[in-house]
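K.L.:
All the letters of the sequence shown, read from the start, carry residue numbers 51 to 152 under the numbering used here.
By construction, the Cβ of each residue, glycine as well, lies at the ideal position given by its N, Cα and C atoms.
In this text, all values refer to a predicted model and were calculated from it rather than measured experimentally.
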Amino acid sequence: MAATKQNFSMFAGESKEIIVSVTKENKSKLDLTGSSIKWSFRNVIKTETNGITINDPTNGEFTIYLSPIDTQNLKGIFSHEATVTDAIGNVSKVMTGTIAIN
Numbered sequence: 051m052a053a054t055k056q057n058f059s060m061f062a063g064e065s066k067e068i069i070v071s072v073t074k075e076n077k078s079k080l081d082l083t084g085s086s087i088k089w090s091f092r093n094v095i096k097t098e099t100n101g102i103t104i105n106d107p108t109n110g111e112f113t114i115y116l117s118p119i120d121t122q123n124l125k126g127i128f129s130h131e132a133t134v135t136d137a138i139g140n141v142s143k144v145m146t147g148t149i150a151i152n
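Below is the structure:
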């Protein structure tokens with residue numbers, strides 16, 4: 051089940067770290083061992099090769115790193131989402147929300 055309304059705000063052109071903790075429907079942590087993660091908003095896509103670090107896979111924690119160029123010259127409210135593909139190929143949307151960029 052996706053965590054909805056995961057909203058945050060930031061200023062255009064700043065760096066930002068978003069720490070995400072993924073849980074199952076029963077509130078236990080989702081094990082991310084062997085998983086891949088994709089987070090996106092607008093035309094920005096983050097994966098483990100360019101801005102996502104899985105900090106604690108057994109406890110379902112990862113961090114998304116936004117660099118200044120990701121939000122440079124943007125203003126407004128944008129939707130974002132994260133999906134996890136587990137080790138056997140199951141895909142789950144784990145987070146949705148909005149980013150308010152000032």
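Looking at C-alpha atoms only, which residue of Ile149, Ile87, Ile127 and Val141 is the closest neighbour of Asn105?
P.N.:
If you number the sequence shown from 1, residue 105 lands on position 55. Comparing Cα positions, the closest option is Ile87.
K.L.:
On a CA-only basis, which of Trp89, Gly84 and Thr73 is nearest Thr148? Give me that one, please.
P.N.:
Position 98 of the sequence shown holds residue 148. Cα-wise, what sits closest to Thr148 is Trp89.
K.L.:
Report all residues from its chain with a CB closer than 7 Å to the CB of Asp91; omit the five preceding and five following residues, and keep chain order.
P.N.:
Reading the sequence shown from its first residue, position 41 is the one you call residue 91. One point to set straight first is that residue 91 is Phe, not Asp, in the sequence displayed. Counting only Cβ-Cβ distances below 7 Å, and skipping sequence neighbours, we find Phe128, Ser129, His130 and Ile149.
K.L.:
Consult DSSP for Thr83 and reduce its assignment to one of helix, strand or coil.
P.N.:
As a working mapping, residue 83 is identified with position 33 in the sequence shown. Three-state result, Thr83: coil.
K.L.:
What residue from Gln122, Leu82 and Asn152 has the CA that sits closest to Gly14's CA?
P.N.:
No answer is possible for residue 14: it lies beyond the span of the chain, which begins at 51 and ends at 152.
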